[in-house]
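Participant: Heads up: the sequence lines are chains C and S, in that order.
Using the working numbering, the letters of the first sequence map in sequence onto residues 18 to 262.
Using the working numbering, the letters of the second sequence map in sequence onto residues -10 to 163.
This is the structure, below, for whatever I ask next.
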Amino acid sequence: MKTYIIIILALITCSCDSDSNSGVSENSNNIGKAGSLARFTTYNDYLYTVDNATLNVFSINDQTNPVKINDIEIGFNIETLFNYKEFLYIGSQNGMYIFSVQNPEEPQYLSEVQHFTACDPVVANATHAFVTLHTDIGCGTDINVLEIYDVNDVVNPVFISRRNLTNPIGLGLYGDYLIVCDDEVKIFDISDINNTTLVHSINRNAFDVIVNNDTLILIGQNGLYQYSLSPNSIQNTSELSTINI
Amino acid sequence: MKLNIFTVFMLSCSLTFQSCWYSNTDDDGIPEIVNYYEPVILERSEFNNSTSLQTTPEVIVNSGKIYVKNNFIFINERNKGFHIINNTDPTNPQNIAFLNVLGSSDLTIKGNAIYVNNATDLLALALDTQAGTVEVTKRVPNAFPQITSPFGNVYYNINENEVVVDWVLNENID
């Protein structure tokens, strides 16, 4: 049994170069994929992390030897970090920040959108950023929405729409579809960004999601759930497995 | 004095959390929320040797963030480490091992290196596939702030050679 596990673990680190990847372009075989709640991301030879108030930059030119080379004060209650091409999208309880890492050692502030309170993760593609906001603590506010911003001009994000949800948290993109962990897992068609529609739902309680090629991986308090996805038939999600927690 | 809506709102917010204000007195018999959680503290020497690979699975209790690399899914066990799931067959994923990393929440992988937060430190890890162990190839101490309680509390009485690795419910409170 132990030998078997060692072989498996060997595969984790050694199989990086072999299998193909039809995912988004920045997701090379060399790196994996995180959920939308992540606070760590890599871009080229750099590791970026966020903590409560700070964006940290580490050089991983020598992968075994990360060296801290910069830290940038951003704000308060920073929660998530998402990388799309040379941009970092940072979700905080007060808003969304966009930084450029074109100069990777000196991330440049580009823009932000501010909310009064309760911002959560953000994901983005070439044209739009998607942010969920939720409140689960009493502070007089009750905001549970999905917001969409046009980020064609990253220096000047433009608010497009706001949709009421129940308690949205993690989210992920699958081509023309946006998958949101709400009271159920909801799949929206975003091909017409001004008229997004719910096209499918999966009755699972999850707080984060990874879209890994055509596999949907959901994590919740009570389980790890996997479904197969098909871009041509989004209603036909079939459950692959469940690990109960 | 004329109060605008914002001021009233902020005041009500502060009243909502008044029980979070730290106080040593327990005059009304109701425990302060801050005391519901207490920090788990390790000496640096012990903490620095606490990262290990366990080639037997652990039961998933308090699931955290997930990360996917090739055929493997990493599930964070909050502040404890990462369950390693062999997902070669997504219809039959297998929980095969556990990576002990105290005070962890996040993991990312580039090439052969695994980067995790180990409470206040950043670790670069290399799995030694021959021995079935994990090696810390680099520790960047104090790269991150102290991990806070679920209520956001910071433990201020920490010594330089100590690290907060978790917060647990204080069972001595009625």
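For each residue, glycine too, the CB sits at the ideal point set by N, CA and C.
1) Assign Q80 (chain C) to one of two classes, buried (16 or more other C-beta atoms within 10 Å of its C-beta) or exposed (fewer than that).
2) Looking at the C-beta of V23 (chain S), does it have a partner C-beta in chain C at a distance below 8 Å?
3) Is there contact here, the segment 73 to 82 of chain S with the segment 26 to 40 of chain S, by at least three beta-carbon pairs under 8 Å?
4) Compare the C-alpha of N211 (chain C) against each of C:R180, C:I227 and C:I236 and name the closest.
5) Show which residues of chain S have a CB atom less than 7 Å away from the CB atom of G52 (chain C).
6) Name the chain C residues whose beta carbon is nearer than 8 Å to that of N84 (chain S)?
7) Would D193 (chain C) count as contacting chain S if we go by Cβ distances under 8 Å?
8) Sorted by chain position, which residues of the same chain lie with C-beta nearer than 6 Å to I196 (chain C)'s C-beta, five sequence neighbours on each side aside?
9) Among S:S52, S:Q135, S:F71 and S:D117, which has the Cα closest to the Cα of P46 (chain S)?
10) Return the CA-CA distance between N230 (chain C) and S255 (chain C), expressed in angstroms with no decimal places.
11) Starting from E35 (chain S), follow the alpha helix (DSSP H) in both directions and report where the run begins and ends.
12) Which chain S residues are close to N69 (chain C), counting only those with a beta carbon under 7 Å from its beta carbon?
13) How would you label V154 (chain S), buried or exposed, when you count the other beta carbons within 10 angstroms and need 16 or more for buried?
14) Quick check on the burial criterion: 16 or more other C-beta atoms within 10 angstroms. Buried or exposed for F75 (chain C)?
15) Can you grab the Cα-Cα spacing for the pair Y114 (chain C) / L98 (chain C), in whole Å?
16) Along chain S, in chain order, which residues have C-beta atoms closer than 7 Å to that of N229 (chain C)?
17) By the three-class DSSP mapping on this structure, what secondary structure does Y244 (chain C) have?
18) Looking at C-alpha atoms only, which residue of S:L112, S:N159, S:I62 and S:V143 is the closest neighbour of N82 (chain C)?
19) If we cut at 8 Å on Cβ distances, does A55 (chain C) have a partner in chain S?
20) So F224 (chain C) and I186 (chain C) are in contact, right, with Cβ under 8 Å, and what is the actual spacing, rounded?
21) Quick check on I210 (chain C): does DSSP put it in helix, strand or coil?
22) Per DSSP, V139 (chain C) is paired with what?
23) Ends of the beta strand (DSSP E) at F104 (chain C)?
24) For N126 (chain S), decide whether its Cβ has a neighbour in chain C, counting only Cβ atoms nearer than 8 Å.
25) If I follow the unbroken beta strand (DSSP E) through V84 (chain C), where does it start and stop?
26) Which bits of chain C does I147 (chain S) rub up against, with CB to CB less than 9 Å?
27) Measure from the alpha carbon of F61 (chain S) to the alpha carbon of each residue in S:N51, S:N68 and S:F87, then state which is nearest.
28) Going by the beta-carbon positions, is the gap between N220 (chain C) and N184 (chain C) smaller than 8 Å?
29) Under 8 Å between C-beta atoms, does L64 (chain C) make it to chain S?
30) How close, in whole Å, do the beta carbons of N131 (chain S) and D110 (chain S) come, if the pair is a contact with beta carbons under 8 Å?
31) Is DSSP giving Y144 (chain S) helix, strand or coil here?
32) Within 8 Å of any Cβ in chain S, is that where the Cβ of K1 (chain C) sits?
33) What span of residues does the beta strand (DSSP E) with Q83 (chain S) cover, start to end?
34) Anything in chain S within Cβ reach of L257 (chain C), meaning under 8 Å, just list it in chain order.
35) Can you name the start and end residues of the beta strand (DSSP E) that D183 (chain S) belongs to?
36) Alpha carbon to alpha carbon, how far is W156 (chain S) from S200 (chain S)? Give it in angstroms, no decimals.
Facilitator: Considering the structure as presented:
1) The residue given as residue 80 (chain C) occupies position 63 in the first sequence. Classification of Q80 (chain C): buried, given that the 10 Å Cβ count is 16 or more.
2) Taking the first residue of the second sequence as position 1, residue 23 (chain S) is located at position 34. Because V23 (chain S) carries a pLDDT of 49, less than 50, the predicted location of this residue cannot be relied on, and the following value inherits that uncertainty. Cβ-Cβ to chain C under 8 Å: no for V23 (chain S).
3) no
4) Within the first sequence, residue 211 (chain C) is the residue found at index 194, counting from 1. Taking only the C-alpha atoms, the option nearest N211 (chain C) is C:R180.
5) Within the first sequence, the letter at position 35 stands for residue 52 (chain C). Per Cβ cutoff of 7 Å: K54 and I55.
6) For the purposes of this step, residue 84 (chain S) is taken as the residue at position 95 of the second sequence. Correct list: I260.
7) On the first sequence, position 176 is the one that residue 193 (chain C) refers to. It does not: the Cβ of D193 (chain C) has no partner Cβ on chain S nearer than 8 Å.
8) In the first sequence, counting from the first residue as 1, residue 196 (chain C) sits at position 179. So the qualifying residues of the chain are G189, I204 and V226.
9) Position 57 of the second sequence, counting from 1, holds the residue named residue 46 (chain S). The option with the nearest alpha carbon to P46 (chain S) is S:F71.
10) The residue labelled residue 230 (chain C) in the question sits at position 213 within the first sequence. The residue labelled residue 255 (chain C) in the question sits at position 238 within the first sequence. Spanning the two alpha carbons is a distance of roughly 15 Å.
11) Indexing the second sequence from 1 puts residue 35 (chain S) at position 46. E35 (chain S) -> alpha helix (DSSP H) spans R33 to F36.
12) Working through the first sequence from its first residue, we reach residue 69 (chain C) at position 52. Those within 7 Å of N69 (chain C) in chain S are P134.
13) As a first step, residue 154 (chain S) is located in the second sequence; it is residue number 165 there, counting from the start. Buried: at least 16 other Cβ atoms inside 10 Å.
14) Here residue 75 (chain C) refers to the residue found at position 58 of the first sequence. When all chains shown are included, F75 (chain C) counts as buried.
15) Locating residue 114 (chain C) in the first sequence gives position 97, counting from the first residue. Locating residue 98 (chain C) in the first sequence gives position 81, counting from the first residue. Roughly 10 Å between the two C-alpha positions.
16) As a working mapping, residue 229 (chain C) is identified with position 212 in the first sequence. Those within 7 Å of N229 (chain C) in chain S are V57.
17) Counting from one through the first sequence, the residue named residue 244 (chain C) turns up at place 227. In the structure shown, Y244 (chain C) sits in a strand (DSSP, three-state: E or B).
18) What you label residue 82 (chain C) is simply residue 65 of the first sequence in a count that begins at 1. Selected option, being the one with the closest Cα: S:L112.
19) The residue given as residue 55 (chain C) occupies position 38 in the first sequence. Yes, A55 (chain C) lies at the interface with chain S (some Cβ there is under 8 Å from its Cβ).
20) Translated into the one-based positions of the first sequence, residue 224 (chain C) becomes position 207. Translated into the one-based positions of the first sequence, residue 186 (chain C) becomes position 169. 5 Å between Cβ atoms; contact.
21) As a position in the first sequence, residue 210 (chain C) is number 193, starting the count at 1. Of the three classes helix, strand and coil, the one that applies to I210 (chain C) here is helix, per DSSP.
22) Locating residue 139 (chain C) in the first sequence gives position 122, where the first residue counts as 1. DSSP, once it has assigned bridges, lists C:V148 as partnering V139 (chain C).
23) By one-based count along the first sequence, residue 104 (chain C) stands at place 87. Residues F104 to S109.
24) Residue mapping note: residue 126 (chain S) aligns to position 137 of the second sequence, counting from 1. The sequence as given places Thr at residue 126 (chain S); Asn does not occur at that position. So, interface residue.
25) In the first sequence, counting from the first residue as 1, residue 84 (chain C) sits at position 67. First-last of the beta strand (DSSP E) with V84 (chain C): V84 to E90.
26) In the second sequence, the residue the question calls residue 147 (chain S) occupies position 158. Here the premise fails: no neighbours, minimum Cβ distance about 17 Å.
27) Residue numbering aside, residue 61 (chain S) sits at position 72 when the second sequence is read from its first letter. When each option's Cα is compared against that of F61 (chain S), the closest is S:F87.
28) Position 203 of the first sequence, counted from the start, is the residue given in the question as residue 220 (chain C). Position 167 of the first sequence, counted from the start, is the residue given in the question as residue 184 (chain C). No.
29) The count along the first sequence starts at 1 and reaches residue 64 (chain C) at position 47. Output row for L64 (chain C): interface = yes.
30) Translated into the one-based positions of the second sequence, residue 131 (chain S) becomes position 142. Translated into the one-based positions of the second sequence, residue 110 (chain S) becomes position 121. The Cβ separation is near 7 Å, so the contact holds.
31) Here residue 144 (chain S) is taken as the residue at index 155 of the second sequence, counted from 1. If DSSP states are grouped into helix, strand and coil, Y144 (chain S) belongs with coil.
32) Residue coverage of chain C in this structure runs from 18 to 262, which leaves residue 1 (chain C) outside it and unanswerable.
33) Here residue 83 (chain S) corresponds to residue number 94 of the second sequence, with the count starting at 1. Here the beta strand (DSSP E) through Q83 (chain S) covers Q83 to N89.
34) As a first step, residue 257 (chain C) is located in the first sequence; it is residue number 240 there, counting from the start. Correct list: P79 and T80.
35) In the structure displayed, chain S extends from -10 to 163; residue 183 (chain S) sits before or after that span and is not available.
36) For chain S, the structure presents residues -10 to 163; residue 200 (chain S) sits outside this window and is missing.
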